[in-house]
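As given, the protein sequences belong to chains P and Z, one line each in that order. To get the working numbering, take the position in the first sequence, counting from 1, and add 2. To get the working numbering, take the position in the second sequence, counting from 1, and add 37. Where a beta carbon is used, it is the ideal one built from N, C-alpha and C, also for glycine. These numbers were taken from a predicted model, which means no experiment stands behind them. What follows is a single structure, written as C-alpha cells, with notes after it.
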Amino acid sequence: MDTSPNLARAQWMSLLAQSDPAELAAAMDGFAPPADLSWLRPAQTGLYMLRGRVGGSGQPFNFGEVTVTRCSVQADGQIGHAWVRGGNARHAELAALADAMLQDEQRHARIQLQVIEPLRRALERRRDEASRKAAASKVEFFTVVRGE
Amino acid sequence: MMLAAFAQPVFDSQRTFRELLQAMARPALPRTLPIVPPAPAPIAPAAMAILLTLCDSATSVWLQQPDEEAMRHLRFHAGVKLAQRPEEADFALISDPGSMPALDVFARGDLRYPERSASLIIQVAAIQSPAAGKGGSQFAGPGIRDTATLHVEGLHADFWPQRAALAEQLPLGIDLYFVAAQQLACLPRTTRRLEG
Numbered sequence: 003m004d005t006s007p008n009l010a011r012a013q014w015m016s017l018l019a020q021s022d023p024a025e026l027a028a029a030m031d032g033f034a035p036p037a038d039l040s041w042l043r044p045a046q047t048g049l050y051m052l053r054g055r056v057g058g059s060g061q062p063f064n065f066g067e068v069t070v071t072r073c074s075v076q077a078d079g080q081i082g083h084a085w086v087r088g089g090n091a092r093h094a095e096l097a098a099l100a101d102a103m104l105q106d107e108q109r110h111a112r113i114q115l116q117v118i119e120p121l122r123r124a125l126e127r128r129r130d131e132a133s134r135k136a137a138a139s140k141v142e143f144f145t146v147v148r149g150e
Numbered sequence: 038m039m040l041a042a043f044a045q046p047v048f049d050s051q052r053t054f055r056e057l058l059q060a061m062a063r064p065a066l067p068r069t070l071p072i073v074p075p076a077p078a079p080i081a082p083a084a085m086a087i088l089l090t091l092c093d094s095a096t097s098v099w100l101q102q103p104d105e106e107a108m109r110h111l112r113f114h115a116g117v118k119l120a121q122r123p124e125e126a127d128f129a130l131i132s133d134p135g136s137m138p139a140l141d142v143f144a145r146g147d148l149r150y151p152e153r154s155a156s157l158i159i160q161v162a163a164i165q166s167p168a169a170g171k172g173g174s175q176f177a178g179p180g181i182r183d184t185a186t187l188h189v190e191g192l193h194a195d196f197w198p199q200r201a202a203l204a205e206q207l208p209l210g211i212d213l214y215f216v217a218a219q220q221l222a223c224l225p226r227t228t229r230r231l232e233g
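Below, the structure written as C-alpha cells:
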C-alpha cells in the first residue's frame, strides 16, 4: 500500500480531474481567486499515448491516444498542477487552482469541505449508478445438461 | 516561487526560432529577439528564450553556474535533461564568460555525425556592430558578404585563439550564440575571424 505523504495530494488531484467540470466550477465559485496568481503553464491540450497490457504479464502495447489538457498555476506561493482528460481548458485551470489552494494550510480545510467532499460524493453517486445499470443488464449463463 | 515562461508557448517559440534561423544564416549580425520571457538568475532572459525554443526532452543542457531554482525552472518549462559535465551537453549555457571552460571541452561531433556537437549560449556584457575602423573583430564566411564587424564584450583573452584552433577541424566544431540584454548574434562554426 502506498503510504507516501503525497498520497493525499494524489487522491485529490485524481478526484479533481475526474470531477464534472460544471460541478467543479460551481463548487469553486464560492472562493475568491488568490491575490498573487500567475499561470506558469497556461492550459494546453495535447495527446498522451495510453499503454495497456493483457493480463498482468502480457507485453505492453499502445492502446490508443487520449486527449489531455494540462495546466499549472502558482497561487500565493503554492504551485498547483492538473492534467484532465478532454479538451476543457477551464476544467484544467480550476483543477490546478484547487490543487494549489489545497496545499495552503489556511485554505485546506474549507476547500476540502466545500469542494472535495461534494465532488467525491458526486463521483461515488455516478459510479454507483453506472454499476447499478451494469448489474441490471447482467446475464447469467447456465449450461443445460442434457438428461439421459 | 517559480516564474512563468513564454506567455504563448507555440507562437512565441516559433517567432524566436525564426529569429534564430535568421541570426545563424547571417552570422555576426546582431539581431533583437522578439520576446524575452522571465528567467531566474543566472539565466538571462534572452538565453532563456533560446533554451525554451531549441531545447526539449531530447536535448541535454549544461549550466556553467548550476543553481537549484534555475534547474527546476528549465526542467519544468523545457523538460530538458541537465548534463553533469560540459562534454555531454547538446547546449551549454555560459553565464560567466570570463571563467568559462576551454572551448575544446565541448562536444564537436564526429566525422560521420558532425551535428552531434554542442551549441554554446554565451551571456556577454554587450554585442555591438561598430563602424569600420572603430574596433571589433572582422568576420568572413558563408552568409557574410565580404566581411562583417562585430564586437563582443566580456570574453576572456584566450577565447578567440581557442576558437581559431577549432576552425581547422571543420566540419566538426561548435556553434555560438551570444546574447546581451535582448540582443543576439551568432557565430556558426563556418564563420572565420580575420586576424589583425
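Q: Drop a sphere of 10 angstroms on the beta-carbon of Phe215 of chain Z, count the other beta-carbons inside from all chains shown, and report buried for 16 or more, exposed for fewer.
A: buried
Q) Excluding sequence positions up to five away, which residues of its chain have a Cβ less than 6 Å from the Cβ of Pro179 of chain Z? A) Thr227
Q.
Could you tell me the alpha carbon to alpha carbon distance between His188 of chain Z and Ser166 of chain Z, rounded to whole angstroms?
A. 6 Å
Q | Presumed contact (8 Å Cβ cut-off) between Leu221 of chain Z and Pro46 of chain Z, rounded CB distance | A | So it is not a contact: roughly 20 Å between Cβ atoms.
(Q) Please identify the residue among Z:Leu88, Z:Leu58, Z:Ala86, Z:Phe113 whose C-alpha is closest to the C-alpha of Met39 of chain Z. (A) Z:Phe113
Q | Within-7 Å CB hit, Met39 of chain Z to chain P | A | yes
Q | Counterpart residues of Gln206 of chain Z in DSSP-defined beta bridges | A | According to DSSP, Gln206 of chain Z bridges with nothing at all.
**Q.** Straight-line gap, Pro120 of chain P to Lys135 of chain P (C-alpha atoms, nearest Å)
**A.** 23 Å
Q.
Just to confirm my understanding: we take Gly135 of chain Z, look at its own chain, exclude 5 residues before and 5 after, and list those with CB closer than 6 Å. What are they?
A. His193
(Q) Counting only C-beta atoms, is Leu42 of chain P closer than 7 Å to chain Z at any point? (A) yes
(Q) Rounding to the nearest angstrom, what Cα-Cα distance links Glu205 of chain Z and Pro151 of chain Z in this structure? (A) 14 Å
Q. In chain order, what residues of the same chain have a beta carbon less than 7 Å from the beta carbon of Asn90 of chain P, not counting five sequence neighbours either side?
A. Pro23, Thr71
Q: Using the Cα positions of Ala41 of chain Z and Glu131 of chain P, report the straight-line distance between them to the nearest angstrom.
A: 42 Å
Q) So what's Val98 of chain Z in DSSP terms, helix, strand or just coil? A) strand
**Q.** Same chain only: Cβ atoms within 7 Å of Asp201 of chain Z, ignoring 5 sequence neighbours per side
**A.** It should be pointed out that residue 201 of chain Z corresponds to Ala in this sequence rather than to Asp. Counting only Cβ-Cβ distances below 7 Å, and skipping sequence neighbours, we find Arg230.
**Q.** Residues of its chain near Glu124 of chain Z, where Cβ-Cβ distance is below 7 Å and the 5 sequence neighbours each way are ignored
**A.** Val142, Phe143, Ala144
Q.
Please report whether the beta-carbon of Gln76 of chain P lies at a distance below 7 Å from any beta-carbon of chain Z.
A. yes
Q. CA-CA distance, Glu56 of chain Z and Ala177 of chain Z?
A. 21 Å
Q) DSSP beta-bridge partners for Leu221 of chain Z? A) Z:Arg68, Z:Val216
(Q) For the structure I just gave you, are there three or more beta carbon pairs, one from the region 61 to 81 of chain P and one from the region 67 to 78 of chain Z, closer than 8 Å? (A) no
Q) What is the DSSP secondary structure of His83 of chain P, reduced to helix, strand or coil? A) strand
Q: Could you name the residues of the same chain whose beta carbon sits closer than 8 Å to that of Gln102 of chain Z, not counting the 5 residues immediately before and after it, in chain order?
A: Pro79, Ser132, Asp133
Q) What do you reckon, are the CB atoms on Leu140 of chain Z and Ala84 of chain Z nearer than 7 Å? A) no
Q) Using the C-alpha atoms, what's the distance from Gln13 of chain P back to Gln116 of chain P? A) 16 Å
Q | Pro46 of chain Z: contacting residues in chain P (beta-carbon distance under 9 Å) | A | Arg43, Pro44, Gln46
Q. Would you call the CB atoms of His110 of chain P and Ala98 of chain P closer than 7 Å?
A. no
Q) Could you check where the alpha helix (DSSP H) with Ile131 of chain Z kicks off and where it finishes? A) Note, Ile131 of chain Z: premise wrong, no alpha helix (DSSP H); beta strand (DSSP E) at 128 to 131.
Q: Starting from the C-beta of Trp234 of chain Z, find all residues in its chain whose C-beta is less than 8 Å away, skip the five residues before and the five after it, and write them out in chain order.
A: With chain Z covering only 38 through 233, there is no way to say anything about residue 234 of chain Z.
(Q) Relative to the C-alpha of Gly116 of chain Z, which candidate in Z:Leu88, Z:Leu209, Z:Ser94, Z:Pro82 has its C-alpha closest? (A) Z:Ser94
Q. If you check the beta carbons only, do Ile211 of chain Z and Leu148 of chain Z fall under 7 Å apart?
A. no
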